[in-house]
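Position 182 (the sequence shown) corresponds to 616 in my numbering; numbering is contiguous. Even for Gly, the Cβ is constructed at its ideal location relative to N, Cα and C. Quick notes on the structure that follows.
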Amino acid sequence: MARTVFITGASAGFGAACARAFAARGDRLVLAARRAERLQALVEELGPSTPIHCLALDVRDRAAVEQALASLPAEFAEVDVLINNAGLALGLEPAHQTDLDDWDVMVDTNIKGLMYCTRLLLPGMVARRRGHVVNIGSTAGDWPYPGGNVYGGTKAFVAQFTRNLRADLLGTGVRASCVAPGMAETEFSLVRFKGAAARADQVYADTQPLSAEDLARVILWVADQPPHVNINSLEVMSVDQAWGHLAVHREKKS
Ligand code: NDP
Ligand code: 8X3
Numbered sequence: 435m436a437r438t439v440f441i442t443g444a445s446a447g448f449g450a451a452c453a454r455a456f457a458a459r460g461d462r463l464v465l466a467a468r469r470a471e472r473l474q475a476l477v478e479e480l481g482p483s484t485p486i487h488c489l490a491l492d493v494r495d496r497a498a499v500e501q502a503l504a505s506l507p508a509e510f511a512e513v514d515v516l517i518n519n520a521g522l523a524l525g526l527e528p529a530h531q532t533d534l535d536d537w538d539v540m541v542d543t544n545i546k547g548l549m550y551c552t553r554l555l556l557p558g559m560v561a562r563r564r565g566h567v568v569n570i571g572s573t574a575g576d577w578p579y580p581g582g583n584v585y586g587g588t589k590a591f592v593a594q595f596t597r598n599l600r601a602d603l604l605g606t607g608v609r610a611s612c613v614a615p616g617m618a619e620t621e622f623s624l625v626r627f628k629g630a631a632a633r634a635d636q637v638y639a640d641t642q643p644l645s646a647e648d649l650a651r652v653i654l655w656v657a658d659q660p661p662h663v664n665i666n667s668l669e670v671m672s673v674d675q676a677w678g679h680l681a682v683h684r685e686k687k688s
């Protein structure tokens with residue numbers, strides 16, 4: 435049966451790949467992102483066989499999110515799957531050298547934007563006794579690394595918020611899942627390094643990172659489980675990535 439799938443951050447990376455994957459399955463799509471022209475290009479690519487409603491939306495803007503979700507056309511108003519994917523990292527400096535504005539943007543997008551979409555769409559899901567919130571976390575939410583400071587903190591929030599959603603939603607039939615990818619080649623590093631393409635490319639040099647399509651396949655699998663099956667959390671990495679040893683500071687003690 436066709437579902438209505440609401441994807442935030444659908445203009446690039448995982449979100450755009452999810453749009454393609456869920457469209458291929460025959461679902462209706464609500465696609466949200468700030469870059470409306472990218473969403474329009476997806477509409478044209480996917481063609482008239484996929485019903486799509488586009489929202490040029492900044493998920494940080496609570497009033498705009500409230501307005502957009504309250505005025506979804508009837509055909510798209512009963513959201514079955516919410517993919518809370520819009521998000522970003524900004525910077526890789528140590529905590530004492532970061533730009534506080536970058537921290538604000540990450541908190542406002544990765545935490546507050548995700549909260550707004552979830553809170554506004556949940557009542558309908560609970561009333562219909564069906565629905566699925568799929569949150570995109572990160573390995574950075576579980577495994578610290580230098581420069582991960584607030585980005586990792588926002589993704590730790592996503593993981594714990596998802597578990598707490600499960601606790602609240604017990605008995606409603608509504609599912610909640612957290613998919614936590616590791617290194618994946620999208621526009622993520624270009625955004626993190628503020629357009630410095632060579633530095634972004636370095637992140638993936640001589641590796642086979644995850645692709646957006648890899649993640650879309652995993653997210654589709656999570657959403658396609660039978661209604662009584664809830665994937666709580668799912669961590670996925672490229673085979674070229676694993677954990678390192680704990681760091682030790684060495685300095686001659688006098
Ligand atoms: P991309 O930069 O390729 O895509 C990010 C998407 O988020 C874009 O569509 C962007 O759209 C959207 N977005 C960013 N800010 C906002 C906003 N304020 N309002 C609405 N949409 C917004 O990155 P990825 O696809 O890699 O990232 C998707 C998610 O996956 C993020 O949450 C990221 O943290 C997470 N992730 C990524 C990993 C990676 O290595 N790539 C690994 C683990 C997790 P627009 O700019 O048009 O608004
Ligand atoms: C993105 C993966 O390792 O760059 O969430 O933080 S990482």
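> Under 7 angstroms from any heavy atom of the ligand 8X3, does the C-beta of Thr588 make it?
Replying inline: Result no, Cβ not under 7 angstroms from the ligand 8X3.
>> With DSSP as the reference, identify every bridge partner of Ile517, one or two as the case may be.
In response: For Ile517, the beta-bridge partners assigned by DSSP are Ile441 and Val568.
> Since Ala689 and Ala453 are thought to touch, with beta carbons under 8 angstroms apart, how far apart are those beta carbons, to the nearest angstrom?
Replying inline: Here the chain has residues from 435 to 688 only, and residue 689 is not among them.
> Is Leu555 helix, strand or coil when you go by DSSP?
Replying inline: Three-state DSSP puts Leu555 in a helix.
> Mind checking whether the beta-carbon of Ala601 lies closer than 7 angstroms to any heavy atom of the ligand 8X3?
Replying inline: Incorrect: Ala601 has no Cβ contact closer than 7 angstroms to the ligand 8X3.
>> Which residue marks the beginning of the beta strand (DSSP E) containing Ala490, and which one marks its end?
In response: Start and end: Ile486 to Ala490.
> Rounded C-beta distance between Met549 and Tyr585? I'm assuming under 8 angstroms.
Replying inline: Contact flag wrong, Cβ pair sits at about 17 angstroms.
>> Shorter than 7 angstroms, the distance from the beta carbon of Val584 to the closest heavy atom of the ligand NDP, or not?
In response: No; taking the cut-off as 7 angstroms, the Cβ of Val584 has no heavy atom of the ligand NDP nearer than that.
>> Within a Cβ cutoff of 7 angstroms, which residues of the same chain sit near Phe456, ignoring the five residues on either side of it in sequence?
In response: Val439, Leu463 and Leu654, listed in sequence order.
> Considering only residues of the stretch 653–679, which uninterrupted beta strand (DSSP E) runs meet the minimum length of 3 residues and lie entirely inside it, listed in chain order?
Replying inline: The stretch 653–679 contains these whole beta strand (DSSP E) runs: 667–670.
> Helix, strand or coil for Leu463 per DSSP?
Replying inline: It is a strand residue.
> Quick one: what does DSSP say Met608 is sitting in, helix, strand or coil?
Replying inline: Strictly speaking, residue 608 in this sequence is Val, with Met absent from that position. Note: Val608 maps to strand in three-state DSSP.
>> List, from N- to C-terminal side, the beta strand (DSSP E) runs of 3 residues or more that fit wholly inside the stretch 582–647.
In response: Fully enclosed beta strand (DSSP E) runs of 3 or longer: 608–615.
> Of the choices Glu512, Asn598 and Pro643, whose alpha-carbon is the least far from that of Asp461?
Replying inline: Of Glu512, Asn598 and Pro643, the smallest CA-CA separation from Asp461 is found for Glu512.
> Does the separation of the CB atoms of Gly525 and Asp536 fall below 8 angstroms?
Replying inline: Yes, the Cβ-Cβ distance between Gly525 and Asp536 is below 8 angstroms.
> Which two residues bound the contiguous alpha helix (DSSP H) that contains Gln501?
Replying inline: Secondary structure note for Gln501: its alpha helix (DSSP H) is the uninterrupted segment Arg496 to Ala504.
> Is it buried or exposed for Met559, if we count other Cβ within 10 angstroms and need 16 for buried?
Replying inline: Using a 10 angstroms sphere on the CB of Met559, the tally of other CB atoms reaches 16 or more, which defines it as buried.
> How would you write the range of the alpha helix (DSSP H) that Met435 sits in, first residue to last?
Replying inline: Counting along the chain, Met435 falls outside any alpha helix (DSSP H), and DSSP gives it neither H nor E.
> Using DSSP with H/G/I as helix, E/B as strand and the rest coil, what is Trp537?
Replying inline: In this structure, Trp537 counts as helix in the three-state DSSP scheme.
> Buried or exposed: where does Glu685 fall if 16 or more other Cβ atoms within 10 Å of its Cβ makes it buried?
Replying inline: Under this definition Glu685 is an exposed residue.
> Can you list, in chain order, the residues of its chain whose CB lies under 7 angstroms from that of Ala498, leaving out five sequence neighbours each side?
Replying inline: Around Ala498: Leu491 and Asp492.
>> Checking 8 angstroms against the spacing of the C-beta atoms, do Val397 and Ala657 come in under that value?
In response: The displayed coordinates of the chain run from 435 to 688. Any statement about residue 397 would go beyond what the structure contains.
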